[in-house]
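Asks:
Numbering (this note's numbering), first residue to last: 148 to 736.
1. Looking at the structure shown, is residue 208 part of a helix, part of a strand, or coil, going by DSSP?
2. Residue 526 and residue 498: beta carbons closer than 8 Å?
3. Alpha carbon to alpha carbon, how far is residue 539 from residue 723?
4. What residues are listed by DSSP as bridge partners for residue 724?
5. Compute the distance between the beta-carbons of residue 400 and residue 394, then report whether it is under 8 Å.
6. Between which two residues does the alpha helix (DSSP H) holding residue 492 run?
7. Alpha carbon to alpha carbon, how far is residue 415 from residue 295? Give it in angstroms, no decimals.
8. Roughly how many angstroms lie between the CA atoms of residue 375 and residue 368, to the nearest whole one?
9. For the ligand ADP, is there any heavy atom lying closer than 7 Å to the beta carbon of residue 230?
10. Should residue 224 be labelled buried (16 or more other beta-carbon atoms within 10 Å of its own) or exposed?
11. Taking the alpha-carbon positions, what's the residue 226 to residue 236 distance?
12. Where does the unbroken beta strand (DSSP E) through residue 394 begin, and where does it stop?
13. Where does residue 588 land, buried or exposed, given buried means 16+ other C-beta within 10 angstroms?
14. Spatial neighbours of residue 205 within its chain, please: CB distance less than 8 Å, with the 5 preceding and 5 following residues excluded, ordered by chain position.
15. At 3 residues or longer, and completely inside the region 321 to 372: list those beta strand (DSSP E) runs for me, N to C.
16. Kindly list the residues whose CB is nearer than 8 Å to the CB of residue 432, restricted to its own chain and excluding five residues on each side of it in sequence; keep chain order.
17. Compare the beta carbon distance of residue 480 and residue 449 with 8 Å and say whether it is the shorter of the two.
18. Less than 7 Å between C-beta atoms, sequence neighbours within five positions excluded: which residues of the same chain meet that for residue 553?
19. For residue 322, which residues from the same chain have a beta carbon less than 6 Å from its beta carbon, with the 5 sequence-adjacent residues on both sides left out?
20. Pick from 272, 245 and 276: whose alpha carbon is nearest that of residue 209?
21. Would you grab the beta carbon distance between residue 348 and residue 335 for me? Rounded to a whole angstrom, and I think it's under 8 Å.
22. If I'm right that residue 238 touches residue 310 with Cβ under 8 Å, what's the distance once you round it to whole angstroms?
23. Whole beta strand (DSSP E) runs in the region 543 to 624 with 3 or more residues, listed along the chain?
24. Across the region 531 to 547 and the region 459 to 467, are there enough close Cβ pairs to call them in contact, namely three or more that are closer than 8 Å?
25. Taking the beta carbon of residue 643 as the centre, do at least 16 other beta carbons fall within 10 Å, making it buried, or is it exposed?
26. Tell me which residue opens and which closes the beta strand (DSSP E) that residue 272 is part of.
27. Would you kindly work out how many angstroms separate the C-alpha atoms of residue 320 and residue 471, rounded to a whole number?
28. Do you know offhand how far residue 389's Cα is from residue 436's?
29. Can you tell me where the alpha helix (DSSP H) holding residue 195 begins and where it ends?
30. May I ask you to verify whether the region 619 to 639 touches the region 653 to 672, counting CB pairs closer than 8 Å and requiring at least 3?
31. Tell me the rounded alpha-carbon separation between residue 591 and residue 608.
32. Between 516, 385 and 602, which has its C-alpha nearest residue 354's C-alpha?
33. Are the Cβ atoms of residue 439 and residue 454 separated by less than 8 Å?
34. Please go through the same chain and pick out, in chain order, the residues whose beta-carbon is closer than 7 Å to the beta-carbon of residue 152, but skip the five residues on each side of it.
35. With 16 other CB atoms within 10 Å as the buried threshold, where does residue 697 fall?
36. For the region 210 to 247, which segments carrying the alpha helix (DSSP H) assignment without a break, of at least 4 residues, lie completely within its bounds, in sequence order?
Shown next, in the form of C-alpha cells:
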C-alpha cells in the first residue's frame, strides 16, 4: 500500500525518485547521500520511523530539505521538517489535495493563521535575501510585532486574512527614508534587517564581441553592490538584438536564471538616455545600448516610466580575459517574473466540493490568488486558506478577469482562474488561452487547464444514461454568437438526430429563443421525445424533472437550467432516461 501511494505521487510529478519504504535500513545511507541536494523528502509510513532515519542528518533550517510523512492510506500528510523555508507546508497542502487527505500543520504560523514571514514572499514571486530570520520569527511569534516596510513589489498580499503578526510602515526605494527600524523590508536593496526582493531590477548590458564571462560577472556584481542593490531583485537582462548570440551574455543569463530581452537598434534609439554616445551610434545604429535597454525593459514590464538607478558603467578585461562591457540598472515600477508564475484554469464542477477533481484541488492548493466570479468562489470557499487571496469579478466581465489573472501570473504568482463546470466548456480557458497566445514567448507564464465535471455530465448521471450515443451542446445565448449561427447549428443537430444539451436556454431578455430551439429540434424527432430540465445542479436548490418535446414547460426554464433533449430513440422507463446504443446481443425492451 505504501509503494502504491509513492507511485501515485510520482505519477503526479510530486515525487521523482521512489524507493521501497519497507527497506528502512537501505534507506538510511541513501538519505545520507542525497540529504544535501534534495529539495524535499516524502516518506510513506510512520512518523516515528522517519524521525529515527533523519535524526542523524538534521542540521539547520537553511540547509535541511523539507521532510514529509504520508500515511499509506493518504489520510494525513505531516511536514516533519522545513515547513516554512523549505516549503514543506505548501507541499503538504498540495499532496493532501491530490490524495484527498488532510495536511497536518503544527507550526505556530499555520496553527494561528499567521503569515510565515520567512517563507511567504516566495508565493508572491519574491526571492529571500539576507537577515537574521530566526530572530525575526521569534519576534513575530511573541507579543512584540516586528515592523515591516515595503518599498517595491505587489501589495496585494496586504489583503490577506493572515497579516496580523507585524506592523507596517511606508518606505521609498531611493533610500530617502531611514532604513534602520524595520525588521523586515520588501524591496530591491540590500541592508539591515531581513529582506524579501521582488523582481523589479533590469540590467542593461552592452559588450564587445567575444567578451569573457568573468568581465560581465564582475561588472554586474560591482555595479549592484555600488548601489546597494540585491542580485535577488533582478528581473532580467536586456541588450541589443545583435548580441543575441553572444556566448558570455547567454551564459550570464543561464547561470542566474535571468531572462534576456533583446531589442533592435531603432527601438533603443527612441529611448532618452543620460549618456548617448556618437561612437556607439556609428557602430550599433543607436546612441545607447546598456541604458536604453535597461529603461526599455523596465518600461515594458510595468508600462510606466522607470527610473535609472545605475547610469552606464564600463567594465574592462583583466589579465587573461577579453573584451569590455557596459552596464546600467533600471528600476521598474512593478515586478515581473513570468518564468516564476503560472496560470491554472480550474473547472470547479457544478458546485459540491466532493465533485471537484483531485487535479483541480491540487491546483487550488498551490495557487496564491484565486480569481473568479463571486458565486463560484463562494462554493469553493471552504478550501481556501488564510494565506490565499480571493479576487472577485462580475459575471459579464470575463475578459477583465482573464486579464487580471494573466497579469498576476506574469508578476511571478501562481494564479487559479476559476470557472464553474469544466473550464474548457463554455468556460474561461479559451479566452485566457487567446490572451496568453498574444503575448511574446518571454512574457508567458506556465499555462495549464484542469478539467472539471460539466453540468452536462452531472445532468446525465442524475437522469440515467441519456448520452450513450452521439450528442452535442449548443448555447442559446446570442451575446457572443449571432442567433443566425445558433439556429443553423440547431438545424444541423436536428437533422443529425443528436442528443442535444442546451446551455443558457432562457433569460428575461430573450424568452422566445428556447421555443424556437424546441421547434427546430422537433422537426427531426417525435413530440414524445424525452426532455430533462436540470436546474441548479449540484446545489441545495437542485431540481430535476422529465418532460417531452410536446409538453415542455418553457416558463419553468431560466439561465440556471440545463435542457437535455433526447434523440429519436431516447426513452423514459421507470423514471430513467436512456438512449440505447445498440450493443450486439443486448436485450432491448
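Backbone N, C-alpha and C fix where the C-beta goes; we use that ideal spot for every residue, glycine too.
Replies: Looking at the atomic coordinates:
1. Taking the chain shown and counting its residues from 1, the one referred to as residue 208 is at position 61. Three-state DSSP puts residue 208 in coil, outside helix and strand.
2. Your numbering for residue 526 matches position 379 in the chain shown. Your numbering for residue 498 matches position 351 in the chain shown. Yes, the pair counts as a contact, with Cβ atoms nearer than the cut-off.
3. Walking along the chain shown from the start, residue 539 turns up at place 392. Walking along the chain shown from the start, residue 723 turns up at place 576. Spanning the two alpha carbons is a distance of roughly 39 Å.
4. As a first step, residue 724 is located in the chain shown; it is residue number 577 there, counting from the start. In the DSSP output, where bridge partners are listed per residue, residue 724 has 611 and 719.
5. What you label residue 400 is simply residue 253 of the chain shown in a count that begins at 1. What you label residue 394 is simply residue 247 of the chain shown in a count that begins at 1. Contact flag unset, no.
6. Here residue 492 refers to the residue found at position 345 of the chain shown. Unbroken run through residue 492 is the beta strand (DSSP E), 489 to 494; no alpha helix (DSSP H).
7. One-based indexing of the chain shown puts residue 295 at position 148. One-based indexing of the chain shown puts residue 415 at position 268. Their Cα atoms are separated by approximately 38 Å.
8. On the chain shown, position 228 is the one that residue 375 refers to. On the chain shown, position 221 is the one that residue 368 refers to. Each residue's Cα considered, the two are about 10 Å apart.
9. For the structure depicted, the ligand ADP is absent and the ligand set is empty, with no information on it obtainable.
10. Along the chain shown, read from residue 1 onward, the residue named residue 224 stands at position 77. By the neighbour-count rule (16 or more Cβ atoms within 10 Å), residue 224 is buried.
11. Taking the chain shown and counting its residues from 1, the one referred to as residue 226 is at position 79. Taking the chain shown and counting its residues from 1, the one referred to as residue 236 is at position 89. Roughly 6 Å separates the two Cα atoms.
12. The residue you call residue 394 lines up with position 247 of the chain shown. From DSSP, residue 394 is part of no beta strand (DSSP E) but of the alpha helix (DSSP H) over 394 to 403.
13. Numbered from its first residue, the chain shown carries residue 588 at position 441. It counts as exposed.
14. As a first step, residue 205 must be located in the chain shown, where it is residue number 58. These residues qualify, in order along the chain: 211 and 228.
15. Runs found: 331 to 333, 341 to 344 and 348 to 354.
16. Residue mapping note: residue 432 aligns to position 285 of the chain shown, counting from 1. Excluding residues within five positions, the ones whose Cβ falls inside 8 Å are 412, 413 and 416.
17. Along the chain shown, one-based indexing puts residue 480 at 333. Along the chain shown, one-based indexing puts residue 449 at 302. Contact flag set, yes.
18. Your numbering for residue 553 matches position 406 in the chain shown. Result list for residue 553: 490, 579, 582 and 583, in chain order.
19. The residue given as residue 322 occupies position 175 in the chain shown. Because the pLDDT of residue 322 is 41, which lies under 50, any placement of that residue in the model is unreliable, and the number read from its coordinates should be weighed accordingly. Hits under 6 Å: none found.
20. Locating residue 209 in the chain shown gives position 62, where the first residue counts as 1. Looking at the Cα atoms, 276 is the closest of the given residues.
21. One-based indexing of the chain shown puts residue 348 at position 201. One-based indexing of the chain shown puts residue 335 at position 188. That pair is a contact at about 5 Å.
22. Within the chain shown, numbered from 1, the residue matching residue 238 stands at position 91. Within the chain shown, numbered from 1, the residue matching residue 310 stands at position 163. Incorrect: roughly 23 Å between the Cβ atoms, too far for contact.
23. 561 to 566, 593 to 597 and 618 to 622
24. no
25. If you number the chain shown from 1, residue 643 lands on position 496. By the 10 Å Cβ count, residue 643 comes out exposed.
26. Indexing the chain shown from 1 puts residue 272 at position 125. Counting along the chain, residue 272 falls outside any beta strand (DSSP E), and DSSP gives it neither H nor E.
27. Within the chain shown, numbered from 1, the residue matching residue 320 stands at position 173. Within the chain shown, numbered from 1, the residue matching residue 471 stands at position 324. Only weak support exists for where residue 320 lies, its pLDDT of 44 falling under 50; the value from the coordinates is given anyway. Between residue 320 and residue 471, the C-alpha separation is close to 30 Å.
28. Here residue 389 refers to the residue found at position 242 when the chain shown is read from its first residue. Here residue 436 refers to the residue found at position 289 when the chain shown is read from its first residue. So the two alpha carbons sit approximately 11 Å from each other.
29. Taking the chain shown and counting its residues from 1, the one referred to as residue 195 is at position 48. First-last of the alpha helix (DSSP H) with residue 195: 194 to 201.
30. Look at the beta carbons and you see the region 619 to 639 touching the region 653 to 672: at least three pairs across the two are nearer than 8 Å.
31. For this step, residue 591 is matched to residue 444 along the chain shown. For this step, residue 608 is matched to residue 461 along the chain shown. For residue 591 and residue 608, the distance between alpha carbons rounds to 38 Å.
32. On the chain shown, position 207 is the one that residue 354 refers to. Checked all of 516, 385 and 602; the closest Cα to residue 354 is 385.
33. Translated into the one-based positions of the chain shown, residue 439 becomes position 292. Translated into the one-based positions of the chain shown, residue 454 becomes position 307. No, these two residues do not count as a Cβ contact at 8 Å.
34. Position 5 of the chain shown, counted from the first residue, corresponds to residue 152. Around residue 152: 191, 217, 219 and 221.
35. Along the chain shown, one-based indexing puts residue 697 at 550. Sixteen is the threshold: since fewer than 16 other Cβ atoms of the shown chains lie within 10 Å of the Cβ of residue 697, the residue is exposed.
36. 235 to 246
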